[in-house]
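S.K.: Here's a structure for you.
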Amino acid sequence: MDKYKNITKLTAVNFRRLTGVKRTTFEAMLEILNRAESKKLRIGANPHKLSMPDRLLMCLEYLREYRTYFHISHDYGISESTCYRNCVWVENTLIASKEFRLPSRKELLNEAEIEVIVVDATESPIERPQKNRGNTTLARRKNTP
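Under the numbering used here, think of the first position of the sequence shown as 951, with each following residue one higher.
Here it is as structure tokens:
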């Protein structure tokens, strides 16, 4: 099953709606994963049932929709554990490449323009009636079970 071939026909807007990334970003991710996969295959790993674009698409579906591995694996015709291993491998490989990461805190602080948002989170007391014996109605003992 090659789901990637089906989505190549989509427009740029619909591709982004489906995957969560632009087509150029998808291709950059695919290039990184293909390099890492070729290193694994040179060492002697077994080839996968799914193509690399499908494996990346499967991982993006998990991250975008947060469906269970069972449902995703059923769509791709693989086992749940294989789906999990592929998603973890794709995530770890992209993280290790350091091309797809958020800026660090130091980098954000070094920027010239800083935007400050102030949120009022002070505590305010909740108005409740005071508990005292005069305001409460006592239940009669013979009516209670």
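The beta carbon of each residue, even a glycine, is placed where N, CA and C say it ideally should be.
If the criterion is Cβ atoms closer than 8 angstroms, does the pair Y1019 and E1011 meet it?
M.R.: By 1-based counting over the sequence shown, the position of residue 1019 is 69. By 1-based counting over the sequence shown, the position of residue 1011 is 61. The answer is no: Cβ separation not under 8 angstroms.
S.K.: If you draw a straight line from the C-alpha of R966 to the C-alpha of H1024, how long is it?
M.R.: One-based indexing of the sequence shown puts residue 966 at position 16. One-based indexing of the sequence shown puts residue 1024 at position 74. The straight-line gap from Cα to Cα measures roughly 23 angstroms.
S.K.: Is the Cβ-Cβ distance between V1040 and L983 less than 8 angstroms?
M.R.: For the purposes of this step, residue 1040 is identified with residue 90 of the sequence shown, where counting begins at 1. For the purposes of this step, residue 983 is identified with residue 33 of the sequence shown, where counting begins at 1. Yes, these two residues count as a Cβ contact at 8 angstroms.
S.K.: Taking Cβ to Cβ, would you say I1022 is nearer than 8 angstroms to M1008?
M.R.: As a first step, residue 1022 must be located in the sequence shown, where it is residue number 72. As a first step, residue 1008 must be located in the sequence shown, where it is residue number 58. The answer is yes: Cβ separation under 8 angstroms.
S.K.: Going by DSSP, what residue range makes up the alpha helix (DSSP H) through N1042?
M.R.: Residue mapping note: residue 1042 aligns to position 92 of the sequence shown, counting from 1. Bounds of the alpha helix (DSSP H) holding N1042 are E1030 to S1047.
S.K.: Looking at T958: is its Cβ nearer than 8 angstroms to the Cβ of R1014?
M.R.: Position 8 of the sequence shown, counted from the start, is the residue given in the question as residue 958. Position 64 of the sequence shown, counted from the start, is the residue given in the question as residue 1014. Cβ distance not < 8 angstroms, so T958 and R1014 don't count as in contact.
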